[in-house]
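In UniProt numbering, the protein residues as written are 1 to 322.
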């Protein structure tokens with residue numbers, strides 16, 4: 001089930017399934033985010049509980065659920081955008097009314113900790129969800145043109161999308177300094193096609209072994225998209241990856257895209273190649289890294305449950321969302 005695309009004049013509701021609205025998101029930054037979405041022809045409103053902050057940087061499960069369910073029930077709302085990431089969206093999974101969502105399908109998009117939410121909704125309802133920029137990334141980024149271009153392609157337009165590497169990137173949404181993007185890193189060559197699952201390494205592992213984790217998707221081949229939050233060392237990345245390789249559904253994985261690592265992770269191309277090459281399970285699996293998604297910007301939007309093709313042959317890589 002694919003929710004309706006957004007159109008000019010449509011209404012986006014920003015909710016906070018994980019962290020609430022924290023002081024770092026100033027009024028100026030919020031207004032900039034709203035204006036950027038307005039330029040796409042979208043109107044923006046905010047959930048009533050997003051400003052409630054407890055000692056865990058969030059609000060109660062009940063209040064977060066209320067904002068989530070209301071956004072799906074309100075027929076004037078056409079799409080839902082997570083405010084930011086955090087550490088607690090998995091608290092909602094056992095309490096969500098998935099039948100309500102299935103009866104009122106609409107776009108929902110976010111990243112990082114929202115991995116738990118978008119994968120669980122897809123698994124429990126069959127509705128395609130979206131792993132892409134949350135409102136904070138759109139609002140805080142010095143340059144959001146690339147991010148918004150792919151947000152628009154994926155959520156507002158029809159047809160296949162060729163993902164082209166950005167020319168430059170920023171280490172975080174809050175970074176002023178540009179860095180030159182070195183393009184795709186082809187770790188393992190080959191061709192693959194499959195259904196997109198995944199998101200943040202750590203958060204994805206939080207839900208493994210539960211009813212909310214992806215299985216073999218009815219016999220379809222799977223393509224993992226994977227990224228880390230910037231604080232993970234190479235050792236942690238290796239451990240997180242190994243945890244995924246141990247999952248029962250890994251035999252269905254046909255390819256892997258890995259998002260760009262932040263500089264402080266010190267995960268270089270050579271180091272990542274060494275990690276991948278030590279995993280026998282990945283010997284025949286195409287792996288492309290340094291893709292524009294994760295905790296650096298810009299950020300491509302991917303449909304969780306959508307289809308993607310990878311062609312990493314002849315020393316070049318082509319990636320298409322289809």
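By construction, the Cβ of each residue, glycine as well, lies at the ideal position given by its N, Cα and C atoms.
Cβ neighbour criterion (16 or more within 10 Å) applied to residue i
{"i": "residue 99", "result": "exposed"}
{"i": "residue 215", "result": "exposed"}
{"i": "residue 225", "result": "buried"}
{"i": "residue 133", "result": "buried"}
{"i": "residue 135", "result": "buried"}
{"i": "residue 159", "result": "exposed"}
{"i": "residue 138", "result": "buried"}
{"i": "residue 2", "result": "exposed"}
{"i": "residue 173", "result": "buried"}
{"i": "residue 38", "result": "exposed"}
{"i": "residue 200", "result": "buried"}
{"i": "residue 180", "result": "exposed"}
{"i": "residue 147", "result": "buried"}
{"i": "residue 313", "result": "exposed"}
When the options are compared against residue i, the one with the closest alpha-carbon
{"i": "residue 48", "options": "31, 70, 28 and 41", "result": "70"}
{"i": "residue 130", "options": "285, 300 and 138", "result": "300"}
{"i": "residue 322", "options": "315, 310 and 314", "result": "310"}
{"i": "residue 90", "options": "190, 107 and 210", "result": "210"}
{"i": "residue 128", "options": "154, 112, 149 and 113", "result": "154"}
{"i": "residue 302", "options": "197, 254 and 75", "result": "197"}
{"i": "residue 121", "options": "137, 273, 77 and 104", "result": "104"}
{"i": "residue 212", "options": "29, 119 and 1", "result": "119"}
{"i": "residue 230", "options": "220, 256 and 202", "result": "202"}
{"i": "residue 68", "options": "204, 271, 161 and 13", "result": "13"}
{"i": "residue 204", "options": "173, 190 and 247", "result": "247"}
{"i": "residue 106", "options": "143, 77 and 88", "result": "77"}
{"i": "residue 20", "options": "26, 50 and 140", "result": "50"}
{"i": "residue 256", "options": "45, 241 and 286", "result": "286"}
{"i": "residue 123", "options": "93, 147, 270 and 181", "result": "93"}
{"i": "residue 254", "options": "193, 28 and 43", "result": "193"}
{"i": "residue 79", "options": "43, 55, 29 and 59", "result": "43"}
{"i": "residue 56", "options": "22, 28 and 249", "result": "22"}
{"i": "residue 279", "options": "269, 241 and 270", "result": "241"}
{"i": "residue 251", "options": "220, 24 and 269", "result": "220"}
{"i": "residue 171", "options": "150, 161 and 143", "result": "143"}
Cutoff 8 Å; reference residue i; Cβ partners in own chain excluding five residues on either side
{"i": "residue 266", "result": "233 and 234"}
{"i": "residue 152", "result": "40"}
Straight-line Cα distance separating residue j from residue i
{"i": "residue 195", "j": "residue 297", "result": "24 Å"}
{"i": "residue 16", "j": "residue 82", "result": "6 Å"}
{"i": "residue 317", "j": "residue 183", "result": "10 Å"}
{"i": "residue 109", "j": "residue 169", "result": "21 Å"}
{"i": "residue 176", "j": "residue 263", "result": "14 Å"}
{"i": "residue 145", "j": "residue 65", "result": "32 Å"}
{"i": "residue 113", "j": "residue 207", "result": "11 Å"}
{"i": "residue 243", "j": "residue 116", "result": "16 Å"}
{"i": "residue 307", "j": "residue 222", "result": "9 Å"}
{"i": "residue 178", "j": "residue 111", "result": "22 Å"}
{"i": "residue 284", "j": "residue 259", "result": "20 Å"}
{"i": "residue 304", "j": "residue 26", "result": "31 Å"}
{"i": "residue 45", "j": "residue 315", "result": "45 Å"}
{"i": "residue 75", "j": "residue 11", "result": "10 Å"}
{"i": "residue 275", "j": "residue 236", "result": "11 Å"}
Contacts around residue i, its chain only, beta-carbon distance under 6 Å, and the 5 residues preceding and following it disregarded
{"i": "residue 156", "result": "5 and 6"}
{"i": "residue 281", "result": "245"}
{"i": "residue 324", "result": "Since the first residue of the chain shown is 1 and the last is 322, residue 324 is not available in this structure."}
{"i": "residue 32", "result": "139"}
{"i": "residue 141", "result": "173 and 297"}
CB contact check: residue i to chain B, cutoff 7 Å
{"i": "residue 286", "result": "In the structure shown, chain B cannot be found, because there is only a single protein chain."}
Contact set for residue i: own chain, Cβ-Cβ below 7 Å, skip 5 residues either direction
{"i": "residue 9", "result": "41"}
{"i": "residue 261", "result": "228 and 267"}
{"i": "residue 273", "result": "187"}
{"i": "residue 101", "result": "72, 121, 125 and 127"}
{"i": "residue 191", "result": "286, 310, 311 and 313"}
(message) Closer than 8 Å is the cut-off here; do at least three beta carbon pairs connect the segment 89-97 with the segment 177-193?
(response) Inter-segment contact for the segment 89-97 and the segment 177-193 is absent: fewer than three beta-carbon pairs are separated by less than 8 Å.
(message) Taking 8 Å as the cut-off, does the segment 280-293 touch the segment 160-168 (at least 3 CB pairs, one atom from each stretch)?
(response) Yes, the segment 160-168 is in contact with the segment 280-293.
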